[in-house]
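Protein chains: 2
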Amino acid sequence: MAHKGDLLSVRQDIRVVDATIRDGGLCNDFRFDDKFVKDLYNANVKAGVDYMEFGYKASKEIFSESDFGKWKFCNDSDIRKIVGDNKTNLKIAVMADVGRTDFEKDIIPKKESPIDIIRIATYINTIPAAIEMIEDCAKKGYETSINIMAVSKARTEDIKLALEILGKSPVNVFYIVDSYGSVYPEEARKLAEMYCEIADKHGKSVGIHAHNNQQLAFANTIEAMTQGVSYLDATVDGMGRGAGNCALELLLGFLKNPKYKVAPILKIIEEHTQKLREQGVKWGYDIPYMLTGQFNTHPRPAISFVKEDRRDYSKFNHELFDIINS
Amino acid sequence: MAHKGDLLSVRQDIRVVDATIRDGGLCNDFRFDDKFVKDLYNANVKAGVDYMEFGYKASKEIFSESDFGKWKFCNDSDIRKIVGDNKTNLKIAVMADVGRTDFEKDIIPKKESPIDIIRIATYINTIPAAIEMIEDCAKKGYETSINIMAVSKARTEDIKLALEILGKSPVNVFYIVDSYGSVYPEEARKLAEMYCEIADKHGKSVGIHAHNNQQLAFANTIEAMTQGVSYLDATVDGMGRGAGNCALELLLGFLKNPKYKVAPILKIIEEHTQKLREQGVKWGYDIPYMLTGQFNTHPRPAISFVKEDRRDYSKFNHELFDIINS
């Protein structure tokens, strides 16, 4: 395997993507107050973060606005209230799920929007629908990424085929998404090598979005990076669904580019995410998530287990075995 | 780099070492009740664990027996009370610190002791004293390992020299010890390669003892393993000083040998380690430990910070900077 960069030099292609509001929003139904979002925006600017993801562009026909905080929908006007004209180096991202976004209507032309990049989340079997969205968003003037979820369950030949098709689309970034937190560093490097090889051929970049079920989110992120992956997702305090994500403070402490600073992010942990924990919002590594990661399955049963405050881990282990083999 | 083993096969050279009582003992002054230790012993036998470390053989002239639980001293009779004649495949380990063990007196001949291996902990500058202990223990009939601590602060040429000298001693295992949790997977692989190269030459094995300051203990353990490291330290629930260790349940879930089982360890978490947490015993990944890891320094200031229930992470970050640069 080729090795890109080393532990003492700066890679100019690196882009740090803060996904706190989007992935963390899955823990509290996107009910962040404006002060949190504004403080995080300012902290990201100071920390040298390259992109900040504000949430989803979810369909208001499928989801009711009364059931969620506003970052489930990311109205351009709500983002504008936080970032103004965003005269900073921090770019603004939102996520749009295939089949759950009214993209024709809700994604307006780039020149009227504070958003810079639309991150399109898809499973491997809905690539054609994703390409339709990529083309629409690109035509409107946005950067786009394609985030193929649950990569640990996808077949290698299907991933390759999908990436070759996507290579011919206007998408800018292919994303490796380890939704189940099941990938080991060795696999992260191999996936990265495969994604990067096809990406290079088509002039695309590659990103990684890792989950922490096996305490491997940070390791997988920096190991994928050694193979040429350059868009690195992370969240403050690792906040994100289930076991959470690669912690932004770990990642910024690792990267050698002096533009990246940990201190502003420590302030956000001190002033915001710790309070959310105290208020009962739950995320982060825990035994049930470890088990769904080891079983290479969706964290759903683990999320229920944690919600119910259960502690009977060995019983849960048997239950999972039954769920998976039934 | 050579790559040993793969993600689907079994490596017969692997030895899993449970260090819960020893490294975890640093969190509660070794005050584990006998039921915990006995349950853990039985669980380790069922889980297929290869070695269980019971604690330190600390000098009673340096440390007072009234200040610590009995596993700080590991009298042979106390171990015997737990394991009887230990007619199992689980071997018994203790740790002996160079300069803090009365090894001539306290380490009795192997044939009278339930202990199988003496793990000798040293810094790079006390190797001659360590060799004296190795020779004494080997003569008494024990397996020995040499655990060179704070490897992230040692110079490569010093490590190589030490290992070449140790290669000529009767020691069985060279241990990579990342005391500060500062090593990245890329470095873990390089260290492993270096240790294994010298070990192979002298017919020794190599082990790794990782700390979780940067959520890399498990990743570094399995990555070092890909380079030929075979003795893998872990603790139940990651219990260990500061940020703790590689979690035994993560490691057993990863290893492919069907003799290794996670379920008995989940029971110990359920019935014991979670209770210790509730009783206020503190360990595991936390921001201050992350910072000492990033700064490549001893976790001492972070342990104090956590003990004092401080949350002002950004102030601590500045304090560390001053400590290190003063």
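Sequence order for the protein chains is A and B. Numbering of the first sequence is given in this note's numbering, commencing with residue 90 and proceeding in unit increments. Numbering of the second sequence is given in this note's numbering, commencing with residue 90 and proceeding in unit increments. Built from N, CA and C at the ideal position, the CB exists for glycine as well.
Methionine 141(A) places its beta carbon 8 Å or farther from that of alanine 91(A). For aspartate 267(A), the closest Cβ of chain B is not nearer than 8 Å. Think of a sphere of 7 Å around the beta carbon of serine 403(A): the chain B residues whose beta carbon falls inside it are Ala352, Leu355, Lys356 and Glu359, in chain order. Serine 294(B) is bridged by DSSP to Val262(B).
Within the segment 103-163 of chain B, the runs of alpha helix (DSSP H) at least 4 residues long that lie entirely inside it are, in chain order, 109-117 and 123-136. For tyrosine 320(A), the uninterrupted beta strand (DSSP E) run begins and ends at 320-323, by DSSP. Within its own chain, the residues whose Cβ lies closer than 7 Å to the Cβ of phenylalanine 343(A), once the five positions on either side in sequence are excluded, are Ile311, listed in chain order. Linking asparagine 261(B) to isoleucine 237(B) through their CA atoms gives a straight-line distance of about 14 Å. The alpha-carbon separation between arginine 208(B) and proline 377(A) amounts to approximately 33 Å.
Taking a contact as a CB-CB distance under 8 Å, the pair isoleucine 297(B) and aspartate 326(B) does not count as one, their CB atoms being some 19 Å apart. Three or more Cβ pairs closer than 8 Å define a contact, and the segment 326-341 of chain B falls short of that threshold against the segment 348-366 of chain A. The three-state secondary structure of arginine 244(B), taken from DSSP, is coil. Under the three-state reduction of DSSP, isoleucine 235(B) is assigned to strand.
Under the DSSP assignment, aspartate 165(B) falls in the alpha helix (DSSP H) whose first and last residues are 165-172. Assignment of isoleucine 209(B) by DSSP, reduced to helix, strand and coil, places it in the strand class. Residues of chain A whose Cβ lies closer than 8 Å to the Cβ of proline 274(B) are, in chain order, Pro274, Ala308, Ile311 and Glu312. In terms of beta-carbon proximity, glycine 94(A) stays away from the interface with chain B, with every pair separated by 8 Å or more. Note that the C-beta distance between valine 138(A) and valine 105(A) is below 8 Å. As a beta-bridge residue in DSSP terms, asparagine 334(A) pairs with His300(A). Looking only at Asn178(A), Trp160(A), Asn214(A) and Ser148(A), the smallest Cα-Cα distance to aspartate 122(A) is reached by Trp160(A). Against chain A, the beta carbon of threonine 315(B) has neighbours under 7 Å at Glu275, listed in chain order. Under the 10 Å beta carbon count, proline 347(B) is surrounded by fewer than 16 other beta carbons and is classified as exposed. Isoleucine 181(A) sits in a strand when the DSSP states are folded into three classes. Put simply, the backbone Cα of asparagine 334(B) is about 50 Å away from that of lysine 200(A). Taken in chain order, the members of the segment 377-394 of chain A whose beta-carbon sits within less than 7 Å of a beta-carbon on chain B are Met379 and Gln383. About 6 Å separates the beta carbons of lysine 146(B) and isoleucine 196(B), which is inside the 8 Å limit, making them a contact pair. In the displayed model, aspartate 186(B) falls within a strand according to three-state DSSP. Listed along chain B, the residues sitting closer than 9 Å to arginine 400(A) by beta-carbon distance are Ile358, Glu359 and Gln363. In this structure, DSSP gives aspartate 326(B) a helical state, which the three-state scheme calls helix.
Below the 9 Å Cβ cutoff, chain A contributes no neighbours of glycine 256(B), its closest Cβ being approximately 28 Å away. Note that the C-beta distance between glycine 331(A) and proline 274(A) is not below 8 Å.
DSSP lists Ala299(A) as the bridge partner or partners of aspartate 267(A). Comparing alpha-carbon positions, the option among Val126(B), Asn406(B) and Ala299(B) lying closest to valine 240(B) turns out to be Ala299(B). Approximately 7 Å separates the beta-carbon atoms of valine 351(B) and asparagine 406(A); this is inside 8 Å, confirming the contact. Interface with chain B (8 Å Cβ-Cβ cutoff): glutamine 303(A) is included.
Identification of residues in the segment 330-343 of chain A having a C-beta nearer than 8 Å to some C-beta of chain B yields Ala336, Glu338, Leu339, Gly342 and Phe343, given in sequence order.
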